[in-house]
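A.B. asks: This structure is in structure tokens; I'll ask about it shortly.
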Amino acid sequence: MEATKTLSLVDSVLSAGPVGLTTFLLLIVLSVVSWGIIFYKATSIRRVHRDSLWFQQAFWKAQSLEEIASIAEEMHSVPLAEIFSAGYEELQRLHEKDRLSGIHQMHDASNIERALRRATTASTLELEHLTPFLATVGSTAPFIGLFGTVVGIINAFQDIAAAHSASLTTVAPGIAEALVATAAGLLAAIPANIAFNALSARIRALQHEMSTFAADYFNILKRKYF
Numbered sequence: 059m060e061a062t063k064t065l066s067l068v069d070s071v072l073s074a075g076p077v078g079l080t081t082f083l084l085l086i087v088l089s090v091v092s093w094g095i096i097f098y099k100a101t102s103i104r105r106v107h108r109d110s111l112w113f114q115q116a117f118w119k120a121q122s123l124e125e126i127a128s129i130a131e132e133m134h135s136v137p138l139a140e141i142f143s144a145g146y147e148e149l150q151r152l153h154e155k156d157r158l159s160g161i162h163q164m165h166d167a168s169n170i171e172r173a174l175r176r177a178t179t180a181s182t183l184e185l186e187h188l189t190p191f192l193a194t195v196g197s198t199a200p201f202i203g204l205f206g207t208v209v210g211i212i213n214a215f216q217d218i219a220a221a222h223s224a225s226l227t228t229v230a231p232g233i234a235e236a237l238v239a240t241a242a243g244l245l246a247a248i249p250a251n252i253a254f255n256a257l258s259a260r261i262r263a264l265q266h267e268m269s270t271f272a273a274d275y276f277n278i279l280k281r282k283y284f
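Residue 162 in our numbering sits at position 104 of the sequence shown, with consecutive numbering throughout.
Quick look at the structure:
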């Protein structure tokens with residue numbers, strides 16, 4: 059009985075017209091790509107969260123900026139390490155400027171603050187990479203499925219007109235095509251929407267964590283060097 063249902067579903071897809079079949083295949087591709095992005099982003103964000111916690115612990119335990127800088131070089135893919143490196147490199151640039159001029163100048167700390175802000179923004183954009191695609195799928199897939207539904211119903215009416223009969227046998231292929239398109243649109247959209255909201259919440263939490271770290275780091279540099 060189950061095999062009959064599966065065969066019936068396959069037949070309804072294969073018997074669809076070119077427009078209906080193209081719509082169904084498009085939704086399948088969107089769904090597969092969405093699931094790939096979901097697994098990739100969930101794994102990478104989980105890794106970033108774990109490594110960020112480790113880096114924060116190392117940061118607060120370290121005795122010098124040089125010690126943290128050596129750690130940050132090995133963790134260049136971690137947003138907090140990138141933020142630290144941006145501030146540290148800007149600080150080194152100011153010290154190098156003093157060394158070359160032979161004069162210790164009272165520098166403005168705003169250069170370092172801007173470097174930290176740029177690094178935070180860049181890290182946030184990197185975390186958000188690919189997630190807009192999930193939002194796009196979540197908002198457009200139902201309409202693509204609806205388009206397939208309309209095409210299926212039109213085909214059903216055309217079959218009725220051609221057969222001069224409104225029997226179940228006549229309308230079944232068109233109705234099946236319409237229902238399959240509707241289901242495919244929902245199956246692509248629902249996971250994409252759920253994943254986008256979940257990933258966005260985790261990215262916002264990481265963004266807050268980065269902003270807090272950047273502010274604390276800047277205050278330390280300002281007290282110590284400015």
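All C-beta atoms in this analysis are idealised placements derived from N, C-alpha and C, irrespective of residue type, glycine included.
By DSSP, does L188 sit in helix, in strand, or in coil?
C.D. replies: Walking along the sequence shown from the start, residue 188 turns up at place 130. DSSP places L188 in coil when its eight states are reduced to three.
A.B. asks: Closer than 8 Å by C-beta to A61: which residues in its own chain qualify, once you throw out the five before and the five after it? Chain order, please.
C.D. replies: Residue 61 sits at position 3 when you count from the first residue of the sequence shown. Reliability fails at A61, whose pLDDT of 41 lies under 50, so the model's placement of it is uncertain and the value that follows must be treated cautiously. Taken in chain order, the list of residues that qualify is empty.
A.B. asks: If you draw a straight line from the alpha carbon of T270 to that of A177, how long is it in whole angstroms?
C.D. replies: Residue numbering aside, residue 270 sits at position 212 when the sequence shown is read from its first letter. Residue numbering aside, residue 177 sits at position 119 when the sequence shown is read from its first letter. Cα-Cα distance, rounded: 13 Å.
A.B. asks: Rounded to whole angstroms, what's the CA-CA distance from F276 to R151? Just pull it up for me.
C.D. replies: In the sequence shown, counting from the first residue as 1, residue 276 sits at position 218. In the sequence shown, counting from the first residue as 1, residue 151 sits at position 93. Rounded to whole angstroms, F276 to R151 spans 16 Å at the Cα level.
A.B. asks: What residue range is occupied by the uninterrupted alpha helix (DSSP H) comprising Q115?
C.D. replies: Residue mapping note: residue 115 aligns to position 57 of the sequence shown, counting from 1. First-last of the alpha helix (DSSP H) with Q115: P76 to K119.
A.B. asks: In terms of residues, what are the limits of the alpha helix (DSSP H) holding A317?
C.D. replies: In the structure as shown, the chain begins at 59 and stops at 284. Residue 317 is therefore absent and cannot be evaluated.
A.B. asks: Rounded to a whole number of angstroms, what is the C-alpha to C-alpha distance between K282 and P137?
C.D. replies: As a working note, residue 282 is residue 224 in the sequence shown. As a working note, residue 137 is residue 79 in the sequence shown. Approximately 23 Å between the Cα atoms of the pair.
A.B. asks: Who are the near neighbours of V77 in its chain, counting only those whose CB is closer than 6 Å to its CB and skipping five residues on each side?
C.D. replies: Taking the sequence shown and counting its residues from 1, one reaches residue 77 at position 19. Result list for V77: V209, in chain order.
A.B. asks: Sorted by chain position, which residues of the same chain lie with C-beta nearer than 8 Å to T293's C-beta, five sequence neighbours on each side aside?
C.D. replies: This structure does not reach residue 293, given that the chain is present from 59 up to 284, and the question cannot be answered.
A.B. asks: Does the distance from the C-beta atom of L149 to that of I126 stay below 8 Å?
C.D. replies: The residue labelled residue 149 in the question sits at position 91 within the sequence shown. The residue labelled residue 126 in the question sits at position 68 within the sequence shown. No, these two residues do not count as a Cβ contact at 8 Å.
A.B. asks: On the CB-based measure, 16 or more other CB atoms within 10 Å of its CB, does E235 come out buried or exposed?
C.D. replies: The count along the sequence shown starts at 1 and reaches residue 235 at position 177. Looking at its Cβ environment, which holds 16 or more other Cβ atoms inside 10 Å, E235 is buried.
A.B. asks: If you draw a straight line from the C-alpha of I129 to the C-alpha of G243, how long is it?
C.D. replies: For the purposes of this step, residue 129 is taken as the residue at position 71 of the sequence shown. For the purposes of this step, residue 243 is taken as the residue at position 185 of the sequence shown. Taking the straight line joining both Cα atoms gives about 47 Å.
A.B. asks: Roughly how many angstroms lie between the CA atoms of L111 and K155, to the nearest whole one?
C.D. replies: Position 53 of the sequence shown holds residue 111. Position 97 of the sequence shown holds residue 155. One C-alpha to the other measures close to 34 Å.
A.B. asks: Are the beta-carbon atoms of V106 and L192 separated by less than 8 Å?
C.D. replies: As a first step, residue 106 must be located in the sequence shown, where it is residue number 48. As a first step, residue 192 must be located in the sequence shown, where it is residue number 134. Against a cut-off of 8 Å, the Cβ pair of L192 and V106 comes out as no contact.
A.B. asks: Could you name the residues of the same chain whose beta carbon sits closer than 7 Å to that of L85, not counting the 5 residues immediately before and after it, in chain order?
C.D. replies: For this step, residue 85 is matched to residue 27 along the sequence shown. Counting only Cβ-Cβ distances below 7 Å, and skipping sequence neighbours, we find A199, I202, G203, A242, G243 and A246.
A.B. asks: Run through DSSP, which three-state label would S181 get?
C.D. replies: Here residue 181 refers to the residue found at position 123 of the sequence shown. S181: helix per DSSP, three-state reduction.
A.B. asks: Taking S128 as part of the alpha helix (DSSP H), name the residues at either end of that continuous run.
C.D. replies: The residue labelled residue 128 in the question sits at position 70 within the sequence shown. Note, S128: alpha helix (DSSP H), L123 to E132.
A.B. asks: Measure the alpha-carbon distance for S181 versus E131 and round it to whole angstroms.
C.D. replies: Stepping through the sequence shown from its first residue, residue 181 is reached at position 123. Stepping through the sequence shown from its first residue, residue 131 is reached at position 73. Taking the straight line joining both Cα atoms gives about 16 Å.
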